[in-house]
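Notes for the one structure printed next.
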Amino acid sequence: MLRPLLEKTLRPILVEAGAGFDVAVVRLAQELAKRGNPRREDVRGRRAYLDTVAAAYGAIDPARFYAKPPPIEHLGLARVRDLPGGRGGEVVDWSWASGWTCARDDQRAKWERWRENATVHVRWFRHRDRKAPAIICVHGYRAGTFSFEERAFGAAWLYQLGLDVALFTLPFHALRAPVHRRGTPLFPTADVARTNEALGQAMWDLRRLVDRAREDGAPHVGVMGMSLGGYTTSLLATVEPSLDFAVPFIPVADLTDVVVDHEALRGVRVPQELIEAGKRAMALVRPLSRRPVVSGDRVLVVGGAADRITRAAHADALAAHFGCEQVTFPGAHLLQFGRREGFAAIAKFLARLGVIGPKR
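Under numbering that gives the first Met the number 0, the first residue of the sequence shown is numbered 0, with each subsequent residue one higher.
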């Protein structure tokens, strides 16, 4: 009796605090960047750069950029621990050579310098006593450490639902970040060409993981991603038609719009011509510019009402684009108060699809 009353009383306070924390984090990051309002000559130079990138990637055949990757051949396995309970589960770390080749020659030489990024890393919670459906979880920006992501995605809870859980590491994050580099990841950044290629690599690596899960006997395979991982999940749902489900959670729908929103928090206005040019430059890897290949009944978008890092408009845009169900929990992006409502909706969604049992 007391706990529901406390939650009802504290909810507005916690939600407001979460929204404020989101804003504070963004403002701190922007302050550290020490950028001011763009000068006219800077706008012209940036516009010229974006137009060049748009022309270069607009000339690439999407079918070639998103070509079907080959199966994983040499899979590294490292046992982490057994899982408690009587299901005979275990946690193992997988690794393999990405094999991604950049679409643009001018990017290939750069990619070869970043050797850590050439290896894909996945932490896998798996049932040893049966073939289980698999959910691939894709983390957000500046994240990807397995110990953190286990908690962020509720990996133990997903496992108890009857799912195998794969924690996927995005390019240039965590174990894939250059060992001597400190600070922000190399993706995504203002280098739009690199961002395009990194998203292409993420699609390549994820599709190989999807195929490997099926090869190992998973009856259903889907993906769930948070924030930047939600963007990646949405993009994958325009690339890989075999996905049984996709769940963008507190997602980014458009990377250009995120920059615009964050700059506005400190009073900086991004010129409209740069907004439009940015979206054209990223059209090849922009979910909202691509046709979904996963039907709307297999997509669930989960947003946070108090999210100030990826505002509700992002979740709204993706739900409209996929023609899918959308649910909203009360909390923010970083302090996800009430997110169990979102996770409960995910369980209900997966049960409706027959991925997990209805009584779980």
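The beta-carbon is built from N, C-alpha and C at its ideal position, and this holds for glycine as well.
**Prompt:** Taking Cβ positions, are residue 314 and residue 301 nearer each other than 9 Å?
**Reply:** Translated into the one-based positions of the sequence shown, residue 314 becomes position 315. Translated into the one-based positions of the sequence shown, residue 301 becomes position 302. Contact flag set, yes.
**Under the three-state DSSP convention, the category residue 59 falls into** = Taking the sequence shown and counting its residues from 1, the one referred to as residue 59 is at position 60. In the structure shown, residue 59 sits in coil (DSSP, three-state: anything other than H, G, I, E or B).
**residue 355 (DSSP reduced to helix, strand or coil)** = On the sequence shown, position 356 is the one that residue 355 refers to. The answer is coil: DSSP assigns residue 355 none of H, G, I, E or B.
**Item:** CA-to-CA distance, residue 190 to residue 297, given in whole angstroms
**Value:** Position 298 of the sequence shown, counting from 1, holds the residue named residue 297. Position 191 of the sequence shown, counting from 1, holds the residue named residue 190. The straight-line gap from Cα to Cα measures roughly 33 Å.
**N-terminal and C-terminal residue of the beta strand (DSSP E) that residue 362 is part of** = Residue 362 is absent from the structure shown; the chain starts at 0 and stops at 359.
**Prompt:** According to the neighbour-count rule (16 or more other Cβ atoms, all chains shown, within 10 Å of its Cβ), is residue 50 buried or exposed?
**Reply:** Taking the first residue of the sequence shown as 1, we reach residue 50 at position 51. When all chains shown are included, residue 50 counts as exposed.
**Request:** Could you please give the first and the last residue of the uninterrupted alpha helix (DSSP H) stretch that includes residue 274?
**Result:** The count along the sequence shown starts at 1 and reaches residue 274 at position 275. Per DSSP, residue 274 belongs to the alpha helix (DSSP H) from 271 to 280.
**Prompt:** Where does residue 155 sit, in a helix, a strand or coil, going by DSSP?
**Reply:** For the purposes of this step, residue 155 is taken as the residue at position 156 of the sequence shown. Looking at residue 155 - three-state DSSP - the assignment turns out to be helix.
**Request:** Measure the beta-carbon distance from residue 75 to residue 94 and round it to whole angstroms, keeping in mind my assumption that it falls under 8 Å.
**Result:** To locate residue 75, count along the sequence shown from 1; it is residue 76. To locate residue 94, count along the sequence shown from 1; it is residue 95. Contact flag correct, Cβ pair sits at about 4 Å.
**Message:** Based on DSSP bridge pairs, tell me the residues matched to residue 92.
**Reply:** As a working mapping, residue 92 is identified with position 93 in the sequence shown. Bridge partners of residue 92: 77, 122.
**Request:** Can you give me the Cβ contacts of residue 71 inside the same chain, cut-off strictly under 6 Å, excluding the 5 residues immediately before and after it?
**Result:** Mapped onto the sequence shown, residue 71 falls at position 72. The answer, listed in chain order, is 95, 207, 211.
**Prompt:** Touching or not, the region 255 to 265 and the region 171 to 179, by the rule of three or more beta carbon pairs under 8 Å?
**Reply:** no
**Prompt:** Between the region 317 to 337 and the region 279 to 299, are three or more C-beta pairs nearer than 8 Å?
**Reply:** yes
**Message:** On the DSSP bridge list, what partners appear for residue 136?
**Reply:** Taking the first residue of the sequence shown as 1, we reach residue 136 at position 137. 166, 223, per the DSSP bridge assignment.
**Message:** With a threshold of 8 Å, are at least 3 pairs of Cβ atoms found where one atom belongs to the region 134 to 142 and the other to the region 77 to 84?
**Reply:** no
**Asked** Would you call residue 148 buried or exposed, if buried means 16 or more other Cβ atoms sit within 10 Å of its Cβ?
**Response** Indexing the sequence shown from 1 puts residue 148 at position 149. Per the 10 Å Cβ criterion, buried.
**Neighbourhood of residue 167 by C-beta distance below 7 Å, restricted to the same chain and skipping five residues each side** = Position 168 of the sequence shown, counting from 1, holds the residue named residue 167. Closer than 7 Å at Cβ, skipping near neighbours: 121, 135, 136, 137, 205, 208.
**Message:** My assumption, with CB atoms under 8 Å, is that residue 226 sits in contact with residue 250. Please give the rounded CB distance.
**Reply:** Position 227 of the sequence shown holds residue 226. Position 251 of the sequence shown holds residue 250. The pair is a contact, with the Cβ atoms about 7 Å apart (cut-off 8 Å).
**Asked** Exposed or buried, what is residue 233 when buried is set at 16 or more other beta-carbons lying within 10 Å of its beta-carbon?
**Response** By 1-based counting over the sequence shown, the position of residue 233 is 234. Burial call: buried.
**Request:** Count the other CB atoms, across all protein chains shown, that sit within 10 Å of the CB of residue 337; report buried if there are 16 or more and exposed otherwise.
**Result:** One-based indexing of the sequence shown puts residue 337 at position 338. Counting C-beta atoms within 10 angstroms of its own C-beta, residue 337 has 16 or more neighbours from the protein chains shown and is therefore classed as buried.
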